[in-house]
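Line order of the protein sequences matches chains H and D.
Just so you know, we're using our numbering here: the first sequence kicks off at 1 and counts up by one.
Just so you know, we're using our numbering here: the second sequence kicks off at 291 and counts up by one.
Where is the CB? At the ideal position from N, CA and C, for every residue including glycine.
Here the structure comes first, spelled out in structure tokens, and everything after it is commentary.
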Amino acid sequence: MNDDRNTIWSLVEKHHQRLLTEWLACQQRDLRLPDSDRKADTAGLARRFLEEFRRGTASAQFDDIQAAEWQPMRELLEDLSRDRALQGFSPNETAVFVFSLKEPLFALLRREFGADADRLASETWIASRLIDELGLYTMECFAKTREEVINRQQQELLELSTPVVTLWDGILALPLIGTLDSERTQIVMESLLQRIVTSGAEIAIIDITGVPTVDTLVAQHLIKTISAARLMGADCILSGIRPQIAQTIVHLGLELNVVSKATMADALALALRRTGKVITERKQPANPEA
Amino acid sequence: MGDIPILKIGDCLLVSIQVDMHDRLALALQDDLTERIVADHARGVMIDISALEIVDSFIGRMLNNIAAMSRVLDAITVVVGMRPAVAITLVELGLSLTGVRTALNVDKGLALIRRAIDSPERDDADRYG
């Protein structure tokens with residue numbers, strides 16, 4: 001029985017080199033790998049894959065690739081799909097790598113059992129299911145890696161989009177871009193308060209030019225940020241309110257309880273006035289040497 | 291358990307809260323502080339809470355009360371030294387201490403009181419205008 005079930009293993013063992021050559025040819029044809037670097041890479045991977053495939057099938061464990069015998073194979077596939085996801089391969093390219101093994105393997109089976117239709121069908125079925133499982137596992141890892149990449153980018157975006165800028169000694173600006181949800185508000189608040197502590201700023205200008213809409217929730221978040229800054233001894237000025245947003249704020253009956261200015265320039269002028277500074281035009285014509 | 295010390299700086303009083311507050315201590319502080327404001331003719335009161343890692347609604351209410359009492363006695367109350375984490379917690383609790391002025395540290399608190407004493411009307415108008 002064991003010998004019977006292990007046909008695939010003995011075939012792979014016997015025709016190892018031929019299988020590899022045919023498989024690589026299939027991949028080359030299906031994927032049209034452009035440069036020799038990738039070709040060599042794929043050939044190396046294919047050799048390792050076939051090695052693990054042989055070792056895995058030796059156990060005659062065809063139904064469950066989660067079994068311990070397939071552990072090295074799973075690790076190989078995880079590495080492979082992670083690398084490919086990070087290098088920007090398409091899902092198709094990644095899947096073809098595994099699924100293209102079917103063609104040479106089935107050809108091999110046909111050559112061996114061409115006369116025995118029953119045997120051929122059953123062996124083909126076993127091999128097909130096994131490769132399907134391996135392929136699906138690869139895709140699962142591939143998708144998982146892509147999700148990780150997306151999550152990381154989201155996190156980076158979150159950090160990138162909430163800078164605190166020092167406009168002047170004692171004046172901070174917080175240009176908000178994008179929709180304010182509670183998670184972002186938390187980060188905005190923390191970075192603003194931290195900067196207030198380190199810089200000792202007394203005025204913070206919150207600019208909402210880049211906030212597409214202001215609804216009650218966004219307003220709530222703004223109020224929270226303003227209140228927290230006030231508790232740290234910094235007054236806030238709201239700037240960059242577009243005409244539509246001014247209308248929305250009134251229609252919704254929102255009370256922001258904060259000095260607001262239409263533009264950042266107006267807000268900066270007010271902030272400078274409060275800190276006792278003035279901007280004036282130079283009376284003398286500019287000195288070319290100065 | 292001793293009382294909370296009240297220090298005099300010019301015509302300001304400085305209260306540094308460094309222990310856990312409870313009812314009796316809060317009442318004692320309010321007693322002491324109001325008496326000292328009258329006795330020293332203080333114009334400003336600074337409450338330093340930089341040592342507090344947790345500020346709950348009880349302390350929030352106490353700060354509001356002290357500010358209201360000082361206002362009646364014509365002294366300005368400034369809460370100084372609040373930590374960022376405390377500020378966020380208070381805001382999340384819905385306690386934004388609207389009746390109290392705030393400053394980052396004692397230095398800035400003193401400057402704020404000085405400014406407010408020198409020109410009370412202008413300061414308010416500038417703040418909200």
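How many angstroms separate the CA atom of Arg326 of chain D from the CA atom of Gly233 of chain H?
When rounded, the distance between both Cα atoms is 25 Å.
Considering only their Cβ atoms, is the gap separating Lys298 of chain D from Ala332 of chain D smaller than 9 Å?
Taking 9 Å as the Cβ cut-off, Ala332 of chain D and Lys298 of chain D qualify as a contacting pair.
Reference Arg29 of chain H; option with closest CA among H:Glu13, H:Pro243 and H:Leu101
Checking every option, the nearest Cα to that of Arg29 of chain H belongs to H:Leu101.
Against Ser227 of chain H, what residues of chain D qualify as contacts under a CB-to-CB distance less than 7 Å, listed in chain order?
Per Cβ cutoff of 7 Å: Val381 and Ser386.
In or out: Ile307 of chain D buried (at least 16 other Cβ within 10 Å) or exposed?
Around the Cβ of Ile307 of chain D, a 10 Å sphere holds 16 or more other Cβ atoms; the residue is buried.
Cross-strand partners of Lys298 of chain D (DSSP beta bridge):
Answer is D:Leu303.
In whole angstroms, what is the alpha-carbon distance linking Phe348 of chain D and Ala246 of chain H?
One C-alpha to the other measures close to 37 Å.
Which same chain residues end up closer than 6 Å to Arg412 of chain D when comparing Cβ atoms and leaving out the 5 residues on each side of it in sequence?
Unreliable positioning characterises Arg412 of chain D in this predicted model, as indicated by a pLDDT of 49, which lies under 50. A coordinate reading is not provided.
Among H:Pro104, H:Leu192 and H:Ile205, whose alpha-carbon lies nearest the alpha-carbon of His15 of chain H?
Nearest C-alpha to His15 of chain H: H:Pro104.
Using beta-carbon positions only, say whether Leu176 of chain H and Asp207 of chain H come within less than 9 Å of one another.
Yes, they are a contact pair.
Sequence-distant residues of its chain with Cβ nearer than 7 Å to Ala228 of chain H (five each side left out):
Residues Met189 and Leu193 of the same chain have their beta carbon placed closer than 7 Å to that of Ala228 of chain H, with the five preceding and five following residues left out of the count.
DSSP three-state label for Thr216 of chain H, please.
Thr216 of chain H falls in the helix class under three-state DSSP.
With a cut-off of 8 Å on the beta carbons, I'd call Thr367 of chain D and Ile339 of chain D a contact; round off their distance for me.
Between Ile339 of chain D and Thr367 of chain D the Cβ distance is about 12 Å, and since that is not below 8 Å, they are no contact.
DSSP beta-bridge partners for Thr367 of chain D?
Beta-bridge pairing links Thr367 of chain D to D:Val335.
Beta carbon of Arg318 of chain D nearer than 9 Å to that of Ile294 of chain D:
One point to set straight first is that residue 318 of chain D is Ala, not Arg, in the sequence displayed. In contact: Ala318 of chain D and Ile294 of chain D (Cβ atoms closer than 9 Å).
For the segment 7-23 of chain H and the segment 110-129 of chain H, state whether three or more C-beta atom pairs, one from each stretch, are separated by less than 8 Å.
Contact between the segment 7-23 of chain H and the segment 110-129 of chain H is present: 3 or more CB-CB pairs across the two stretches fall below 8 Å.
If distances are taken between C-alpha atoms only, which option among H:Ala67, H:Phe97, H:Ala107 and H:Leu231 comes closest to Gly135 of chain H?
It is H:Phe97 whose Cα lies nearest to the Cα of Gly135 of chain H.
Taking all protein chains shown into account, decide if Lys277 of chain H is buried (16 or more other Cβ within 10 angstroms of its Cβ) or exposed.
Residue burial annotation: Lys277 of chain H is exposed, with fewer than 16 other C-beta atoms found within 10 angstroms of its C-beta.
Compute every distance between the C-beta of Glu190 of chain H and the non-hydrogen atoms of the ligand ZN, then say whether any falls below 8 Å.
Of the ligands one can find in the structure shown there are none, so the ligand ZN has no counterpart to examine.
May I ask you to list, following chain order, the residues of the segment 192-211 of chain H that have a beta carbon less than 9 Å from some beta carbon of chain D?
Cβ contacts with chain D come from Leu192, Leu193, Gln194, Ile196, Val197, Gly200, Ala201 and Glu202.
Continuous alpha helix (DSSP H) assignments of at least 4 residues falling wholly in the segment 148-202 of chain H:
Here the runs fully enclosed are 182-199.
Please state whether the Cβ-Cβ distance between Glu52 of chain H and Leu76 of chain H is less than 9 Å.
With respect to the 9 Å criterion, Glu52 of chain H and Leu76 of chain H are classified as neighbours on the basis of their beta carbons.
Enclosing alpha helix (DSSP H) for Thr248 of chain H [first to last residue]
Judged by DSSP secondary structure, Thr248 of chain H falls within the alpha helix (DSSP H) whose first and last residues are Pro243 to His251.
Under 7 Å by beta carbon: chain H residues contacting Ala357 of chain D
Here the premise fails: no neighbours, minimum Cβ distance about 13 Å.
Do three or more CB pairs link the segment 142-149 of chain H to the segment 81-92 of chain H at distances below 8 Å?
Segments in contact, yes.
Taking 9 Å as the CB-CB limit, is Ile378 of chain D close to chain H?
At least one C-beta of chain H is nearer than 9 Å to the C-beta of Ile378 of chain D.
DSSP state of Ile344 of chain D, grouped into three classes?
Three-state DSSP puts Ile344 of chain D in coil, outside helix and strand.
Tell me, to the nearest whole angstrom, how far the beta carbon of Leu323 of chain D is from that of Val335 of chain D; I am working on the premise that it is less than 8 Å.
Right, their Cβ atoms sit about 7 Å apart.
Looking at C-alpha atoms only, which residue of H:Thr213, H:Ser239, H:Thr42 and H:Arg184 is the closest neighbour of Ala25 of chain H?
That would be H:Thr42, whose Cα lies nearest to the Cα of Ala25 of chain H.
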